[in-house]
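Residue numbers for the sequence shown follow the working numbering, beginning at 344 and rising by one. Glycine included, every Cβ here is placed at the ideal spot set by N, Cα and C.
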Amino acid sequence: MNATRTQAGVDWAVLALDLGGTQVRAAVVRGDGTVVTRRSSRTPVEGGGEAIVQACLDALGACRDAHDAAGGSTLLVGIGIAAPGPVDPIRGRVIDPPNLGSSFHDIPLAERALASLGLPAFLDRDTQVAALGEGAFGAARGCADYLYLTVSTGIGGAIVSGGNLLRGPDGTAGELGHLLVDRHGPPCGCGAVGHLEAIASGSAIARAARRKIDAGESEPLARLALERGPAFGAREVAEAETAGDPVAASIMADAREAFARACVGLVDVFNPALIVVGGALAAGQGDRWLDPARATVAREAFTVPGRRARIVPAALGADVGLAGAAVLVAERLDLEIVPPRARPGGPGRPGER
Ligand SMILES: [Zn+2]
């Protein structure tokens, strides 16, 4: 991203915020991606939009105070915010994310953070920020052309081409979960039909399992649903597959196949060197999820990009949004990212195994 050092000799850090449907997480993150101070709280969705904004500002303020009290030499240069889409990254607004309640609508979160903390604040969609994090500190380090996919309750994505995040004129580009994979497929949460997210996401797998249970087709799934109650989801379906239930196995196979076919299209369209796959569902499945995608790409993608593309697990885990927030700020303020390994004796990269 052509960043240059503008504050030679000064170690910098950012206030990072990862706003999610269940948790508000804030941290001080250094320019090498190290997460220093953390604060987190439950997202007060029932309290409405203003309560959520206040929880964000409180978490950021607590991190700033902890940073100041520690009296270090690190300079706080800005605030980076990862928020659920859709967002307007140009104006720093969160538009109307499905999991934050109806009163959380068109919220100028970056402006509120600037007003409250007196630091320049930048905001982008959580998956865009995650892609920046994996690119600077994680699985896509040193790679200029990669795609990021997160597979959990939903499926999100981001496209990095020639070292730059593809945003589009409105900042909405990269919604890879909403690629069509089956035009006769189930309805998607976005209102369209047969999207990747409607077949291969955690919520889609859970919905497919419920349909089979209602039709009386799987006794093991019905038992698990009864046992786990509202917690019943993709993890239970995967568990039933492992235990040998053929119905669960077929639901999981459909999800893996949809994901694999989407990867073929992505390889043919974008010629990525890497497809980095994060998210709880993919992480839990590991190679069981990635191997069919690798095999299908090898078999069905164009030869040259198919040979090039490697499909790899994400490296930063739950901290990806926080680490990525540092990269977002660096990108906007034209600061140099300091990869941990470039520093003699520096810490290992976050999430490294
Ligand atoms: Zn969709």
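Excluding the 5 residues preceding and the 5 following residue i in the sequence, name in chain order all residues of the same chain whose CB lies nearer than 8 Å to its CB.
i	result
Thr386	Leu362, Gly363, Gly364, Thr365, Gln366, Val367, Ile395, Ala398 and Leu443
Ala405	Ala369 and Arg382
Ala346	Interpretation of Ala346 is limited by its pLDDT of 37, a score under 50 that renders its predicted location unreliable; no figure is taken from the coordinates.
Arg571	Glu579
Ser332	The structure shown has nothing for residue 332, since the chain only spans 344 to 696.
Thr639	Glu600, Ala603, Arg604, Cys606 and Val607
Gly688	Unreliable positioning characterises Gly688 in this predicted model, as indicated by a pLDDT of 40, which lies under 50. A coordinate reading is not provided.
Pro656	Ala482, Val619, Val620, Gly621, Ala625, Ala626, Gly629 and Leu633
Whole angstroms are fine: how far does the CA of residue j sit from the CA of residue i?
i	j	result
Ile548	Ala596	10 Å
Pro429	Leu492	16 Å
Arg554	Leu564	11 Å
His527	Ala583	26 Å
His410	Ala356	10 Å
Leu567	Leu403	40 Å
Pro318	Val647	Since the first residue of the chain shown is 344 and the last is 696, residue 318 is not available in this structure.
Gly485	Thr496	29 Å
Gly534	Ile498	15 Å
Ser416	Ala668	20 Å
Asp630	Leu400	39 Å
Gly520	Ala543	9 Å
Arg642	Pro589	26 Å
Ala453	Asp513	17 Å
Leu466	Gly587	45 Å
Val372	Gly476	11 Å
Gly511	Arg434	14 Å
Asp557	Ala591	14 Å
Arg696	Pro427	Confidence at Arg696 is low in this model, with a pLDDT of 33, below 50, so its placement is unreliable and the value that follows should be read with caution. So the two alpha carbons sit approximately 28 Å from each other.
Ser561	Gly374	51 Å
Ile654	Gly414	43 Å
Arg468	Val670	13 Å
Arg658	Val619	Residue identity check: residue 658 is Ala in the sequence provided, not Arg. If I take the Cα positions, the gap works out to 9 Å.
Glu389	Arg637	42 Å
Leu360	Gln471	14 Å
Ser384	Ala425	16 Å
Leu419	Ala473	21 Å
Pro451	Val379	27 Å
Ile594	Ala581	9 Å
In the DSSP assignment, what are the bridge partners of residue i?
i	result
Gly415	Its beta-bridge partners do not exist; DSSP assigns none.
Ala426	Arg468
Ile654	Ile618
Arg436	Asp431
Val367	Leu362 and Ser384
Ile548	Ile548 is not bridged to any residue.
Ile498	Val494
Ala356	Arg373 and Leu419
Ser504	Asn507
Val536	Pro530
Val378	Val372
Leu403	According to DSSP, Leu403 bridges with nothing at all.
Ile450	Val437
Leu523	His538
Can you find the residues in the same chain that come closer than 7 Å, C-beta to C-beta, to residue i, ignoring five residues on each side of it along the sequence?
i	result
Ala577	Gly545, Ile548, Ala549 and Leu624
Ile502	Leu490, Leu509, Ala516, Gly517 and Phe613
Ala541	Gly528, Pro529, Pro530, Cys531 and Ala547
Ile438	Pro429, Val430, Asp431 and Asp449
Ala685	Bear in mind that a pLDDT of 47 at Ala685, under 50, signals an unreliable position, so the model cannot answer this.
Arg599	Trp632 and Pro635
Val610	Val640, Ala644, Pro648, Gly649 and Ala652
Starting from the C-beta of residue i, find all residues in its chain whose C-beta is less than 6 Å away, skip the five residues before and the five after it, and write them out in chain order.
i	result
Pro463	Gly421
Gly532	none
Phe575	Ala568
Phe447	Gly392 and Ile395
Ala605	Leu522, Val524 and Leu539
Gly585	The question names Gly, but residue 585 in the sequence shown is Thr. Within the same chain, Thr585 has no close Cβ partners at all.
| When a residue counts only if its C-beta is closer than 7 Å to some heavy atom of ligand 1, which residues count, in chain order? | Gly520, His521, Cys531, Gly532, Cys533, Ala535, His538, Glu540 and Ala541
| said: Using 8 Å as the cut-off, can you tell me whether the segment 663–673 makes contact with the segment 463–483, which would need three or more C-beta pairs spanning the two stretches below that distance? | reply: The segment 663–673 and the segment 463–483 touch, with no fewer than 3 CB-CB distances between them shorter than 8 Å.
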